[in-house]
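Student:
Numbering (the numbering used here), first residue to last: 397 to 611.
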């Protein structure tokens, strides 16, 4: 069996920022996402806000509906280099390298878009990267996600599936994340690490004797 070091991205590897939010602003500034797209996104958000399916809010990718997947992938690479990379934590990169040198398989697991997660994977030299997979039909995005959303319980499901596939020894593995919603995922490993933690996670980590770090 292998041992893994599993890293969240936003507010963990990426300091104080949401990579998807940066990308939305970049796409709008460059005319790829229009004001009409933003209005549709907000309308969908408001429609679902008070519904029983409230988790859909985080799955809302309607601003990408109809976009060419090749264009989006190219723009993700450009945005990563110019707008996202400068905000990546040097300390996080050092920790990734330290774990790699110690024989751990590096896994990135994030709710951000798959086109962005791919950029992080290449830059961080990770072995595996899992993000929110965007649904594509005939080369265009539908504005919906495909398969399990990498958030909350979804992260647990994705990691369980990966563990079976790669034969991960979770007891000997590490996981790094910042948010209270990551508690179930962090509890899967023998060595959970709260990074730049949200107050709820900070308290939970303190009560349970977890390592707390700031990148």
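Backbone N, C-alpha and C define an ideal beta-carbon position, used for all residues, glycine too.
Under 8 Å by Cβ, that's how I've got residue 508 and residue 434 pegged, so tell me the actual separation to the nearest angstrom.
Tutor: Wrong, their Cβ atoms sit about 18 Å apart, outside the cutoff.
Student: Tell me whether the segment 409-424 and the segment 512-522 touch, counting them as touching only if at least three CB pairs, one residue from each stretch, are closer than 8 Å.
Tutor: Touching, yes.
Student: Return the bridge partner residues of residue 406 from the DSSP annotation.
Tutor: Paired residue(s): 410.
Student: Can you give the Cα-Cα distance for residue 529 and residue 541, rounded to whole angstroms?
Tutor: Computed Cα separation, rounded: 6 Å.
Student: Give the secondary structure of residue 506 by DSSP, where H, G and I count as helix, E and B as strand, and everything else as coil.
Tutor: Note: residue 506 maps to strand in three-state DSSP.
Student: Based on DSSP bridge pairs, tell me the residues matched to residue 555.
Tutor: DSSP output for residue 555 lists no bridge partner at all.
Student: What span of residues does the beta strand (DSSP E) with residue 572 cover, start to end?
Tutor: Residues 570-573.
Student: Taking residue 596 as part of the beta strand (DSSP E), name the residues at either end of that continuous run.
Tutor: Unbroken run through residue 596 is the alpha helix (DSSP H), 595-604; no beta strand (DSSP E).
Student: Taking the alpha carbon of residue 526 as the point to measure from, which residue in 471, 597, 537 and 504 has its own alpha carbon closest?
Tutor: Among 471, 597, 537 and 504, the Cα nearest to that of residue 526 is on 504.
Student: Could you give the residue range of the alpha helix (DSSP H) that holds residue 423?
Tutor: 415-425 is the extent of the alpha helix (DSSP H) around residue 423.
Student: Below 8 Å, can you find three or more Cβ-Cβ pairs linking the segment 564-575 to the segment 583-603?
Tutor: Cβ pair count under 8 Å is three or more, so yes.
Student: Could you tell me the alpha carbon to alpha carbon distance between residue 601 and residue 581, rounded to whole angstroms?
Tutor: Looking at the two C-alpha atoms, the distance is approximately 13 Å.
Student: Near residue 539, which residues of its chain fall below 7 Å by C-beta distance, leaving aside the five closest residues on each side in sequence?
Tutor: Within the same chain, residue 539 has close Cβ partners 457, 458, 460 and 461.
Student: Specify the secondary structure class of residue 590 as computed by DSSP and reduced to three states.
Tutor: Reduced to three states, the DSSP call for residue 590 is strand.
Student: Cβ atoms of residue 463 and residue 537: under 8 Å apart, would you say?
Tutor: Taking 8 Å as the Cβ cut-off, residue 537 and residue 463 qualify as a contacting pair.
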